[in-house]
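Chemist: The following block contains the structure, expressed as structure tokens.
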Amino acid sequence: MTTTAHAPQATALYDIPGPRTRRRHLLYGVVSTALIVGLVGWVLYLLFDTDQFTATKWTPFEYKGIQELLLRGLGNTLKAFAIAAALSLALGGLLATGRLSDHRVVRWVATLLVEFFRAMPVLVMIFFVFVALKVQPLPALVAGLTLYNGSVLAEVFRSGVNSVERGQREAAYALGMRKTQVMSYVLVPQAVRAMLPTIISQLVVALKDTSLGYLITYEEFLHAGKLIASNLDYDLPFIPVVMVISPIYIGMCMLLSWFAYWVSKRQQRSPKTEAVEVAPAEPGTLLPGGGPPRAPGP
């Protein structure tokens, strides 16, 4: 009895690699893995060589005061991110609606705002709100993040709606729907699935940009780490602090990406998006006359 292995299938955009190509890809993979392992080994060597894993440098993190300071900074980071994310989504939807408006003046104003805030550096906007307008650190940080990320999300929303097949829009208008109904019931639900990865990516950017708050004395996670490192009395105190803070930042970003993946899978299983099974055709009355159609007689 013989068995056949499942070989890769050739498509219009992909040809099955030959023996030489497979050997070349294997060589690339081995070399890349060796380089990554070498880089990680070099970094670990530097850390051990500078005594970064000694108990003296990690004992301070067992103190309750330092743990509370880190937790308070993490809570402030999540607070700023939650407010900025909600406001950015709202502002992005508002600006995208303006850019899709049929009124030329509204469309021009929305376009001007989007292009201006997209081109302006986030840090400049945060400093302007904090220094020129004399706003407290948290509102200043949230305002800067909202203006920048909201303008970027506006373009994401607009591109997602415009990516829906034109026939969907025309069919909805043919049924007598108004533009608001077409957007709410036809275009936006179909565009959400395509927009979701980009939306989550931009929210991850907003989460990382909350670290800019330490420049305006907002007591977020990075500010707490800087405060701890500045009060430690050994060489290179920032390295242990970074080794504590970085995995938490990476974990939050990965958690946000996992949430987007979960939402995407849930949408695919939703009864509103699943295909409807159609019963097979059966003999029956097909014409108003009552019986099935018959071939004309001789």
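Taking the working numbering, the leading residue of the sequence shown gets 5, the next gets one more, and so forth.
Idealized CB from N, CA, C, for every residue including glycine.
1. Following the continuous alpha helix (DSSP H) through histidine 107, name the residue where it begins and the one where it ends.
2. How about glycine 96 and phenylalanine 161: do their beta carbons lie closer than 8 Å?
3. Output the distance between the C-alpha atoms of tyrosine 177 and serine 163, rounded to the nearest integer angstrom.
4. Taking 8 Å as the threshold, find out whether the segment 182 to 196 comes into contact with the segment 113 to 123 through three or more Cβ pairs.
5. Would you kindly report the start and end of the unbroken alpha helix (DSSP H) that includes leucine 211?
6. At a cut of 8 Å, does the segment 119 to 139 reach the segment 58 to 73 through at least three beta carbon pairs?
7. Between which two residues does the alpha helix (DSSP H) containing phenylalanine 161 stretch?
8. Any idea if phenylalanine 134 is buried or exposed, counting beta-carbon neighbours within 10 angstroms, 16 or more meaning buried?
9. When the distance is taken between beta carbons, is isoleucine 220 closer than 8 Å to alanine 144?
10. In whole angstroms, what separates the C-alpha of alanine 147 from that of alanine 38?
11. Count the C-beta pairs between the segment 123 to 134 and the segment 70 to 84 that are closer than 8 Å, then say yes if the count reaches three, no if not.
12. Closest to leucine 82 by C-alpha separation, out of Lys230, Pro251, Leu211 and Leu226, would be which residue?
13. Smallest Cα separation from isoleucine 232: which of Leu240, Val245, Glu224 and Asp239?
14. Are the Cβ atoms of threonine 214 and alanine 86 separated by less than 8 Å?
15. May I ask which residues mark the beginning and end of the alpha helix (DSSP H) holding glutamine 56?
16. Look at the alpha carbon of valine 248 and the alpha carbon of leucine 260, and state the distance between them as a whole number of angstroms.
17. Please report the straight-line C-alpha distance between tyrosine 32 and threonine 25, rounded to a whole angstrom.
18. So, with DSSP's three-state summary, where would you put alanine 279?
19. Which stretch, first to last residue, makes up the alpha helix (DSSP H) that contains tyrosine 177?
20. In the DSSP assignment, find the alpha helix (DSSP H) that holds valine 303 and state where it starts and stops.
21. So with Cβ pairs under 8 Å, would you call alanine 86 a contact of chain B?
22. What number of angstroms, rounded off, separates the C-alpha of proline 21 from the C-alpha of proline 251?
Modeler: Considering the structure as presented:
1. Run containing histidine 107: none; DSSP gives neither H nor E here.
2. With respect to the 8 Å criterion, glycine 96 and phenylalanine 161 are classified as neighbours on the basis of their beta carbons.
3. If you take the alpha carbons of tyrosine 177 and serine 163, they lie about 20 Å apart.
4. Using a Cβ-Cβ distance cut-off of 8 Å, the segment 182 to 196 and the segment 113 to 123 are not in contact, since fewer than three pairs of beta carbons, one from each stretch, lie closer than that value.
5. Where leucine 211 is concerned, the enclosing alpha helix (DSSP H) stretches over 192 to 213.
6. Verdict: no, contact absent.
7. For phenylalanine 161, the enclosing alpha helix (DSSP H) stretches over residues 141 to 166.
8. Counting Cβ neighbours within 10 Å, phenylalanine 134 comes out buried, since at least 16 surround it.
9. Result yes, Cβ atoms of alanine 144 and isoleucine 220 sit closer than 8 Å.
10. Alanine 147 and alanine 38 have their alpha carbons spaced roughly 45 Å apart.
11. The segment 123 to 134, when compared against the segment 70 to 84, does not touch it at the 8 Å Cβ threshold.
12. Taking only the C-alpha atoms, the option nearest leucine 82 is Leu211.
13. Looking at the Cα atoms, Val245 is the closest of the given residues.
14. Taking 8 Å as the Cβ cut-off, threonine 214 and alanine 86 do not qualify as a contacting pair.
15. Segment: none, glutamine 56 is in no alpha helix (DSSP H) and carries neither H nor E.
16. Approximately 19 Å, taken between the alpha carbons.
17. If you draw a straight line from the Cα of tyrosine 32 to the Cα of threonine 25, it comes to about 10 Å.
18. In this predicted model, alanine 279 has a pLDDT of only 45, less than 50, meaning its place in the structure is not dependable; the value taken from the coordinates is given anyway. Looking at alanine 279 - three-state DSSP - the assignment turns out to be coil, as it is neither helix nor strand.
19. Residues 170 to 178.
20. With the chain covering only 5 through 302, there is no way to say anything about residue 303.
21. This model lacks chain B altogether; it includes just one protein chain.
22. The straight-line gap from Cα to Cα measures roughly 38 Å.
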